[in-house]
Each structure stands twice: as structure tokens, then as C-alpha cells.
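Asks: This is the structure I have questions about; it appears just below.
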Amino acid sequence: MRKITIITGASSGMGAEFARQIANDTESSEIWLFARNKEKLDSVKEEIDKKAGLPQIKCVPMNLSGKEGVALFKTFLATEKISGAFEIDLLVNNAGFGTYGEFATTPLEKELEMIDLNCTSLTGLCGAALPYLHKNSSIINVASLAAFLPLGNFAVYAATKAYVLSFSVALAAELKDKGIKVSALCPGSVSTDFANVASNGARKEVLHGKDPVAVVAHCLKKAKKGKRIILWAKKWKFTAFMSRFIGRYLGARYTYKYNKRPSEWS
């Protein structure tokens with residue numbers, strides 16, 4: 001039976017780094033990479049394929065957003081099952097994005113798209129994958145440090161990541177007796193293209209971003225041990241701890257007042 005690792009949002013950033021590191025240390029015979037951009041997926045595959053003896057890489061260019069994306073994913077799994085039996089060793093739900101700016105001035109369509117991908121899709125993919133999971137399978141859902149407090153200028157994004165964290169912990173409790181581990185990765189600033197996308201080009205780089213190589217390596221190490229909430233940098237752990245005492249409104253007000261934000265959206 002084929003053993004599969006699935007990574008979404010695998011065309012760049014942390015998703016691509018998950019692919020690189022998992023390919024070097026996995027019992028899976030195949031790694032399926034999902035993202036919308038076929039060229040970028042192919043580039044990640046080409047990079048991994050240069051090393052001999054690694055798992056087979058399958059690129060799946062697919063828009064996983066919303067109910068439609070979940071339906072496409074379910075159909076894909078069913079088709080693969082016809083081609084040959086398989087089970088999922090690891091599901092990494094990394095696909096997602098953020099917006100940056102006041103809710104009132106951010107395009108509403110963009111905020112709703114974010115909910116569709118960050119919440120609806122992630123939930124649906126977990127549900128669609130469940131029949132293919134087995135004892136010792138793992139799910140990694142990428143949340144954020146933003147999950148611990150409401151954040152002004154990131155109102156919807158922080159809310160979606162709070163959902164991911166809450167859902168992941170509850171799912172971990174439900175699946176524990178089946179031997180399936182569920183982890184929520186809650187990174188702070190990571191050096192990826194997140195800021196550029198979230199700010200619509202107004203901010204090109206994440207401030208004080210951490211190396212995605214180190215973040216992903218720590219995540220995979222802790223996920224194997226069944227850690228349910230994964231934080232890496234000491235300042236991230238401190239921030240998560242202090243969120244208990246700051247208060248939801250004060251946290252949101254502070255980030256609204258003191259985080260510079262883009263003034264225009266195209």
C-alpha cells in the first residue's frame with residue numbers, strides 16, 4: 001500500500017520548505033504537493049528530484065479554497081484510490097494567506113476569500129483525509145501567533161488563525177484514542193512572501209522574520225512527538241504566554257494604533 005504525505009500551499013515559503021525537509025526524512029513513498037501555481041510547484045519538485053533515493057513527488061495544481069476546493073480534493077483522493085490503495089501518513093495544511101489593514105478599507109471579497117481558504121478549506125481537507133489516516137498518522141495545521149489575541153489591522157486574519165488553533169486542539173482530543181496526532185504550528189514573523197501578499201505590496205518583507213528552515217525543522221520534530229501547540233522562538237512563547245494577561249481588546253487596540261499599515265488597496 002502506498003504511504004502518502006500531503007502538503008498544501010507547497011509552491012513557496014514554508015510549504016516548499018516542508019516539502020524539502022519531509023522528503024529528506026520520511027517513510028512515505030510519495031509526497032503530493034498542492035498549490036495553484038503549477039510552475040512554482042514544478043520548481044520545488046525539480047529541486048527535490050535532484051537528490052537520489054527520495055520519495056516520488058507528485059505536483060497537483062489545484063485551487064483548494066472553499067467548498068469547491070474541498071470537493072476537488074475529495075474527488076482527487078477518490079480517483080487516486082481507484083488507481084491503487086493508499087494511506088496518508090501526514091497531512092500538512094499550510095495553504096492560507098492574510099490581509100493587512102483596517103477591515104473597513106480592505107476589500108470585503110478578499111476577507112471572505114481568506115475565510116474560505118484559512119478555515120473552510122482547512123476543515124474540509126481534514127475531514128476528507130480522515131478515512132485515509134491510520135494509527136500514527138499526523139496532521140499539521142499551520143495557525144499563527146496571531147491565534148492567541150485579536151489584532152487590529154489583522155482582524156479577520158487573526159480570527160481565522162484562532163479558529164485553526166481551536167479546531168486543531170479539539171481535533172487532537174477527538175483523534176487521540178485512534179493514535180492520530182494533530183498539531184497546530186503557531187509561528188510569529190517568518191521570512192516568506194507573507195507580508196508582500198498581505199499588504200498588497202506595501203510592505204515587501206516581514207520585519208524581524210525568522211528563518212523558515214529552522215521553523216519547519218522545529219515543527220516536524222515536535223509534531224512527531226505529538227506536541228499539540230508548536231511555538232519555536234522564545235519571544236513567540238513569551239508573547240503567547242502574555243496574551244493570557246494582556247486582554248483581548250488591549251491587544252487589538254495596540255496593534256491597530258502602533259502597527260503601520262498600507263493606506264490604499266488596489
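For the sequence shown, counting from 1, position 157 maps to 157 in the working numbering; every step adds exactly one.
Beta carbons are placed, not taken as given, at the ideal position from N, Cα and C, and that holds for glycine.
1) From G84 to M1, what does the alpha carbon distance come to, in whole angstroms?
2) Which runs of the beta strand (DSSP E) at least 3 residues long sit entirely within the stretch 132-163? Give them in chain order.
3) With a cut-off of 8 angstroms on the beta carbons, I'd call G226 and K178 a contact; round off their distance for me.
4) Using the C-alpha atoms, what's the distance from G53 back to F167?
5) Among K176, L33 and C186, which one has its Cα closest to the Cα of K135?
6) To the nearest angstrom, report how far apart K51 and K81 are at their CA atoms.
7) Could you tell me the distance, in whole angstroms, from the CA atom of N63 to the CA atom of L117?
8) Helix, strand or coil for R2, going by three-state DSSP, please let me know.
9) Three Cβ pairs or more, each shorter than 8 angstroms: is that satisfied between the stretch 38-48 and the stretch 65-79?
10) CB L90 to CB T5, shorter than 7 angstroms?
11) Taking the continuous alpha helix (DSSP H) assigned at D49, which residues delimit it?
12) How long is the line joining the alpha carbons of S11 and L33, rounded to whole angstroms?
13) Taking only the alpha-carbon atoms, compute the straight-line gap between S137 and F86 and give it to the nearest angstrom.
14) When the Cα atoms are used, what is the spatial distance from G251 to P212?
15) With Y163 and C119 assumed to form a contact (beta carbons below 8 angstroms), what rounded beta-carbon distance in angstroms separates them?
16) What does P107 pair with, by DSSP beta-bridge criteria?
17) How long is the line joining the alpha carbons of L145 and A78, rounded to whole angstroms?
18) Beta-carbon separation of S183 and I115 under 7 angstroms?
19) By Cβ distance, which residues of its chain are closer than 6 angstroms to S243, with the 5 residues on each side in sequence left out?
20) Given a cut-off of 7 angstroms on the beta-carbon distance, is the pair K3 and S28 in contact?
21) Ordered along the chain, which non-local residues of its own chain (more than five positions away) have a Cβ less than 8 angstroms from that of A23?
Replies: Reading it off the structure:
1) 8 angstroms
2) With a minimum length of 3 residues, the unbroken runs of beta strand (DSSP E) contained wholly in the stretch 132-163 fall at 133-142.
3) With a Cβ gap of about 13 angstroms, G226 and K178 do not count as contacting.
4) 36 angstroms
5) K176
6) 28 angstroms
7) 9 angstroms
8) In the structure shown, R2 falls within a strand segment according to DSSP collapsed to helix, strand and coil.
9) no
10) Their beta carbons are under 7 angstroms apart, which means L90 touches T5 by this criterion.
11) K38 to D49
12) 8 angstroms
13) 13 angstroms
14) 26 angstroms
15) 5 angstroms
16) Paired residue(s): none; P107 is not in a bridge.
17) 35 angstroms
18) no
19) F148 and L149
20) yes
21) I31, I48, K51, L54, P55 and I57
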